[in-house]
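Following my numbering, the numbering of the sequence shown begins with -3 at its first residue and continues without gaps.
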Amino acid sequence: LPKEKIESTMRVSGKHVSVDAPFAEGEDNSLLDVLENSDSPVADRELLNESLSKEIERAFSTLTERERVI
-3 LPKEKIESTM RVSGKHVSVD APFAEGEDNS LLDVLENSDS PVADRELLNE
47 SLSKEIERAF STLTERERVI
């Protein structure tokens, strides 16, 4: 979640929320588990880039040499 969305939601809710407290009693997941880590690469972006590269390679393989050059 973007930082702005979290801040906006917290302002609307009117109560403080602990980022390491479980979402519900008995759960292991907390807000820390879903907060975006801006220091690490986005896994989805890497997968998307890899998928795009494969699709481009596949598309190029259907073209003739002349079409590829153009």
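Backbone N, C-alpha and C fix where the C-beta goes; we use that ideal spot for every residue, glycine too.
Within the 8 Å Cβ cut-off, does residue i reach chain D?
i     : result
Arg54 : Absent from the structure: chain D. Only one protein chain is present.
Would you list the one or two residues that DSSP bridges to residue i?
i     : result
Pro18 : Ser26
Can you round the beta-carbon distance between residue i and residue j to whole angstroms, since I take them to be within the 8 Å contact cut?
i     : j     : result
Asp16 : Ser26 : 5 Å
Phe56 : Arg64 : 6 Å
Report yes if the C-beta distance between residue i and residue j is below 8 Å; otherwise report no.
i     : j       : result
Glu53 : Pro(-2) : no
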